[in-house]
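Protein chains: 4
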Amino acid sequence: MENIIIRYSEKPKLNKPVFIEGLPGIGNVGKLAAEHLIDELGAKKFADIYSKYFPPQVMVQDGGLVKLVNNELYYVKNAGKGVDLIFLVGDYQGMNPEGQYELTDFVLQVIKELGVQAIFTLGGYGVGRIVDKPKVFGAATHEDLVKEMEKYGVVFSRGEPGTGIVGASGLLLGMAFLHDIRSVCFMGETSGYFVDPKSARAVLEVLIKALGVEVDFSELESKAKQIDAITARLREAEVKPEEPAAGRDLGYIG
Amino acid sequence: MENIIIRYSEKPKLNKPVFIEGLPGIGNVGKLAAEHLIDELGAKKFADIYSKYFPPQVMVQDGGLVKLVNNELYYVKNAGKGVDLIFLVGDYQGMNPEGQYELTDFVLQVIKELGVQAIFTLGGYGVGRIVDKPKVFGAATHEDLVKEMEKYGVVFSRGEPGTGIVGASGLLLGMAFLHDIRSVCFMGETSGYFVDPKSARAVLEVLIKALGVEVDFSELESKAKQIDAITARLREAEVKPEEPAAGRDLGYIG
Amino acid sequence: MENIIIRYSEKPKLNKPVFIEGLPGIGNVGKLAAEHLIDELGAKKFADIYSKYFPPQVMVQDGGLVKLVNNELYYVKNAGKGVDLIFLVGDYQGMNPEGQYELTDFVLQVIKELGVQAIFTLGGYGVGRIVDKPKVFGAATHEDLVKEMEKYGVVFSRGEPGTGIVGASGLLLGMAFLHDIRSVCFMGETSGYFVDPKSARAVLEVLIKALGVEVDFSELESKAKQIDAITARLREAEVKPEEPAAGRDLGYIG
Amino acid sequence: MENIIIRYSEKPKLNKPVFIEGLPGIGNVGKLAAEHLIDELGAKKFADIYSKYFPPQVMVQDGGLVKLVNNELYYVKNAGKGVDLIFLVGDYQGMNPEGQYELTDFVLQVIKELGVQAIFTLGGYGVGRIVDKPKVFGAATHEDLVKEMEKYGVVFSRGEPGTGIVGASGLLLGMAFLHDIRSVCFMGETSGYFVDPKSARAVLEVLIKALGVEVDFSELESKAKQIDAITARLREAEVKPEEPAAGRDLGYIG
Chain G
1 MENIIIRYSE
11 KPKLNKPVFI
21 EGLPGIGNVG
31 KLAAEHLIDE
41 LGAKKFADIY
51 SKYFPPQVMV
61 QDGGLVKLVN
71 NELYYVKNAG
81 KGVDLIFLVG
91 DYQGMNPEGQ
101 YELTDFVLQV
111 IKELGVQAIF
121 TLGGYGVGRI
131 VDKPKVFGAA
141 THEDLVKEME
151 KYGVVFSRGE
161 PGTGIVGASG
171 LLLGMAFLHD
181 IRSVCFMGET
191 SGYFVDPKSA
201 RAVLEVLIKA
211 LGVEVDFSEL
221 ESKAKQIDAI
231 TARLREAEVK
241 PEEPAAGRDL
251 GYIG
Chain H
1001 MENIIIRYSE
1011 KPKLNKPVFI
1021 EGLPGIGNVG
1031 KLAAEHLIDE
1041 LGAKKFADIY
1051 SKYFPPQVMV
1061 QDGGLVKLVN
1071 NELYYVKNAG
1081 KGVDLIFLVG
1091 DYQGMNPEGQ
1101 YELTDFVLQV
1111 IKELGVQAIF
1121 TLGGYGVGRI
1131 VDKPKVFGAA
1141 THEDLVKEME
1151 KYGVVFSRGE
1161 PGTGIVGASG
1171 LLLGMAFLHD
1181 IRSVCFMGET
1191 SGYFVDPKSA
1201 RAVLEVLIKA
1211 LGVEVDFSEL
1221 ESKAKQIDAI
1231 TARLREAEVK
1241 PEEPAAGRDL
1251 GYIG
Chain W
2001 MENIIIRYSE
2011 KPKLNKPVFI
2021 EGLPGIGNVG
2031 KLAAEHLIDE
2041 LGAKKFADIY
2051 SKYFPPQVMV
2061 QDGGLVKLVN
2071 NELYYVKNAG
2081 KGVDLIFLVG
2091 DYQGMNPEGQ
2101 YELTDFVLQV
2111 IKELGVQAIF
2121 TLGGYGVGRI
2131 VDKPKVFGAA
2141 THEDLVKEME
2151 KYGVVFSRGE
2161 PGTGIVGASG
2171 LLLGMAFLHD
2181 IRSVCFMGET
2191 SGYFVDPKSA
2201 RAVLEVLIKA
2211 LGVEVDFSEL
2221 ESKAKQIDAI
2231 TARLREAEVK
2241 PEEPAAGRDL
2251 GYIG
Chain A
3001 MENIIIRYSE
3011 KPKLNKPVFI
3021 EGLPGIGNVG
3031 KLAAEHLIDE
3041 LGAKKFADIY
3051 SKYFPPQVMV
3061 QDGGLVKLVN
3071 NELYYVKNAG
3081 KGVDLIFLVG
3091 DYQGMNPEGQ
3101 YELTDFVLQV
3111 IKELGVQAIF
3121 TLGGYGVGRI
3131 VDKPKVFGAA
3141 THEDLVKEME
3151 KYGVVFSRGE
3161 PGTGIVGASG
3171 LLLGMAFLHD
3181 IRSVCFMGET
3191 SGYFVDPKSA
3201 RAVLEVLIKA
3211 LGVEVDFSEL
3221 ESKAKQIDAI
3231 TARLREAEVK
3241 PEEPAAGRDL
3251 GYIG
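Residue numbers (the numbering used here), protein chains in the order written: chain G, 1 to 254; chain H, 1001 to 1254; chain W, 2001 to 2254; chain A, 3001 to 3254.
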């Protein structure tokens, strides 16, 4: 079988679209943010990506129906000030380094065909403690992008994060640079212990300024309140999880 | 060498056969169930599958003869109300995700050639405690299959199992769906500590209703009694195994 | 680069040669036995096998010269009652299942070209305790071989070893059977804690009967005495190694 | 995508150049040494090597710009007594055995095209304790090289290091030998707990004699003083790191 299979339900014609990646990762920050935007902007799925770089697994959905684990591409036309958007979301990132490289290269080819001019990747930045007002750290392929994003409050630290950015959010930037596609990564501060809708919101607030779109946050806010309630109870009980909850999403990182 | 090698001793001509998978897994529920059916219905082996995705290992059989670890295909014609059946059983599942995908794709190609119209995959659903009356959970590719199987007592829970189904039983469903083959997975509740003939019987009781065949259970019952005797002794001694006995069968799952 | 590279220094013409494998493994029993036979019979190296399935490593030899880790093929003509022999020895077995299968398939092709009619594979059978008089367990591809080897004192137990035979010694048998080459595996009982010349000698005593050759054992005996001295000191000190010394040779087994 | 991608910014014409490898490893001895030489001799980058055998990661540089992890090739013409040099440095070695073999083979092809006549690989030799005057151990492909290097104070011990040399520094020698390229490996003694500029200097002092070039060491000396200050504080506090700091650079070992 092919290493990666894509099935299109539709091949959208888009006008210089902007690509947004939100795969699972630390605190699921990127995933929450991208999925929220898909919901709020009414983006439409147009392709499924299957791969032997994903786990050999099906998800069981409501009603007992199965779905082979995958990544999915969505699009929306004319969002906000008129920008076309493509989204990449999914159940998993590639399970090993080779898979990460192959999947990233594959996605870059697909979105280049669709005319993508810029890339935003969304992720979390694990700090190992609960953060009340998460900052958004950034990294980019071009210097003018750094300056532009700083205007929206993004923090570009010297050599931060120290270990670099591991996984799809980083790799897309690194490989997009080789294809001369302008790209930015936003990383919301997060404990790493829980899925973190608050951090996702912080990331989104920056992203929507950069895109010139507007969205409602009430859904994310309600999720954030649930998580806050849980963490408050844990703090009282002085229970400290030994392992980050979202760690399994990047199990090959060691 | 080829990644996967198949050796046919016979190429049976079958009438819209139903395919049944029972590879090793949690509690070896699927394996026990499928092998019992093969024995009781007198199914005949027609192909051996070898692969470098299996461990580099031979089994030593009675009399000191070796057998390279493999998967095997059996068939029986005109079982019960006249249905033709194909079985997949074996020593191991693929040892890594790539192997799982490749082997599943390979098997799907083989059985499509043989005209397979429907798939049943059999497995265990580990609950971490000893179960007296194991339920049978289900997952399926199509909604009408869910409804039909519910008639036979199969439980389709909302998003159960939560982690999805990992391994051959799940992957066959997910990939069969991409090939438009109607498929159902039956998972018998099991502790995960022992091979579990009782759970295998629960799965079989559902399966034979779905297939319209009849089988004798005395062999499985006698195995179940042996296991019950062992677990009873363990309970008395308050010994609790630290690791599920059948865990090694899916060693790549972590 | 090729997955496996062979470099011949010579292409010997042999008369229905017998192939003997002695790669590293539990107690290095097979390696010690095969190397002893190579030395005593004056066998000559005729090929080096390099592979990316071996570790990325060079050995440093006397005088500071390096040697890329490899497997090596030796031959001797007209040994004992006139049999031609080929030996496979080396620094490592393949590091993962795929490597094991590929290397075994590769070796089988090489030795088939050289006209090999029979295979003996040599290994250890770890029992987890120090053995004074190691038995030799056997496994074979054909029933008449079992009977013949029993005459030489080899023990063929029902389903022993229970886990089958993992690694090159087993795989050669399993894959040779698919090529209709008659093969036997000898496994010398060994603790698994030390390299075990005594077990190697037990294996060799059976092998030379089967081959009809004669060899001197004084070299192995002197190695065995050294190991006995070490184990005696350890017993006195009641030191018990936590991990088998030779375990690293098959590090992928888990 | 290709397993390994090379991007040339320039294709230098060189006169029988000497190749020097200094990838990350124990104590980062080789990396520090090679980078120091690149700086002091004013060598110029002429190629980037990207690969899916590296981690799926970008480094974040000053100013928030990203760089896909890579290896880099530098050259300098007419250094010292007139020798042309090529350097290989980078963020990582290949992450698994296959990657190590493929990357080494790739580099050997590239440098053969550039006419390389000799290879020096630089690394550390971990001894597990802090060393005040690090010795430099050597290994080589040819006997006359051993004799020549002994003149410069390099120690060639019988079978030292006992485990052989694992990783790029060793593999380049082993594979260069198969291509008849004369090669030497220098390994500076190092604790393995810290990056070790002192050991790097010891290696360089030997290398520059062999090359006939001269360099200033003040930069390395100042780095060494910083490390000495840290280790002195640790000794006082009797803190002993449990794991070598540079171990992650060769995470697949061990």
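Think of the CB as a built atom: it goes at the ideal place given N, C-alpha and C, for glycine as much as any other residue.
| query | result |
| --- | --- |
| Give every residue of the same chain whose Cβ lies closer than 7 Å to the Cβ of F217/G, excluding the five residues on either side of it in the sequence, and list them in chain order. | R201 |
| Any idea if N1070/H is buried or exposed, counting beta-carbon neighbours within 10 angstroms, 16 or more meaning buried? | buried |
| Identify which residue in I2230/W, T2190/W, H2142/W has its Cα closest to the Cα of V2184/W. | H2142/W |
| Taking the alpha-carbon of L3103/A as reference, which of P3197/A, E3021/A, A3034/A, R3235/A has the nearest alpha-carbon? | E3021/A |
| I want to see whether chain A comes within less than 8 Å of A33/G, judged by CB atoms only; does it? | no |
| Rounded to whole angstroms, what's the CA-CA distance from K198/G to P3197/A? Just pull it up for me. | 44 Å |
| Look at the Cβ atom of Y1008/H, then the Cβ atom of A1043/H, and state whether they are nearer than 8 Å. | no |
| Going by beta-carbon coordinates alone, are V1136/H and V1083/H separated by less than 8 Å? | no |
| Quick check on the DSSP output: what are the complete beta strand (DSSP E) runs of length 3 or more inside the region 73-103 of chain G, in order along the chain? | 83-90 |
| Which residue comes first and which comes last in the alpha helix (DSSP H) that contains A3034/A? | 3029-3041 |
| On the DSSP bridge list, what partners appear for A1138/H? | Note that residue 1138/H is Gly in the sequence shown, not Ala. According to DSSP, which records beta bridges pairwise, G1138/H is partnered with F1186/H. |
| Could you spell out where the beta strand (DSSP E) holding F2177/W opens and where it closes? | That residue, F2177/W, is in no beta strand (DSSP E); its alpha helix (DSSP H) goes 2168-2178. |
| On a CA-only basis, which of M2175/W, V2131/W, V2203/W is nearest V2155/W? Give me that one, please. | V2203/W |
| Report buried or exposed for Q61/G, applying the criterion of at least 16 other Cβ atoms within 10 angstroms of its Cβ. | exposed |
| To the nearest angstrom, how far is the alpha carbon of I3038/A from that of G2090/W? | 39 Å |
| In whole angstroms, give me the CA-to-CA distance for K1081/H and L1211/H. | 8 Å |
| Whose C-beta lies closer than 6 Å to the C-beta of M1001/H among residues of the same chain, with five residues either side of it excluded? | none |
| Is S3222/A helix, strand or coil by DSSP? | helix |
| Is the distance from the Cβ of G3064/A to the Cβ of V146/G below 8 Å? | yes |
| Which residues mark the beginning and the end of the alpha helix (DSSP H) in which A2210/W is found? | 2197-2211 |
| With 8 Å as the threshold, decide whether the Cβ of L3068/A is near any Cβ in chain G. | yes |
| Check whether the Cβ atoms of G1030/H and G1192/H lie closer than 8 Å to each other. | no |
| Ordered along the chain, which non-local residues of its own chain (more than five positions away) have a Cβ less than 7 Å from that of M2175/W? | T2104, D2105, L2108 |
| Listed in chain order, which residues of the region 1173-1188 of chain H have Cβ atoms closer than 9 Å to some Cβ of chain G? | L1173, G1174, M1175, F1177, L1178, S1183, C1185 |
| Do the CB positions of Y92/G and P55/G come within less than 8 Å of each other? | yes |
| At a CB distance below 8 Å, what residues from the region 1129-1147 of chain H approach chain G? Give them in sequence order. | G1138, A1139, A1140, T1141, H1142, E1143, V1146 |
| Determine the closest residue to Y2966/A out of E3098/A, S3169/A, L3173/A, with distance taken between C-alpha atoms. | Past the edges of chain A, shown from 3001 to 3254, lies residue 2966/A, and the structure says nothing about it. |
| Assuming L2172/W contacts T2121/W (C-beta within less than 8 Å), just tell me the rounded distance between them. | 5 Å |
| Straight-line CA distance for F3182/A to A3139/A? | According to the sequence shown, residue 3182/A is Arg rather than Phe. Between R3182/A and A3139/A, the C-alpha separation is close to 11 Å. |
| Rounded to whole angstroms, what's the CA-CA distance from H2036/W to L2220/W? Just pull it up for me. | 7 Å |
| Excluding the 5 residues flanking I1005/H on each side, which residues of the same chain have their C-beta closer than 8 Å to its C-beta? | I1049, Y1050, S1051 |
| Could you tell me the distance, in whole angstroms, from the CA atom of Q117/G to the CA atom of N78/G? | 15 Å |
| Using 8 Å as the limit for Cβ to Cβ distance, is P56/G near chain H? | yes |
| Name the two residues that bound the continuous alpha helix (DSSP H) containing E1148/H. | 1143-1151 |
| Given this structure, state the Cα-to-Cα distance separating P1948/W from E2072/W, to the nearest angstrom. | This structure cannot settle anything about residue 1948/W, because the visible part of chain W is limited to 2001 through 2254. |
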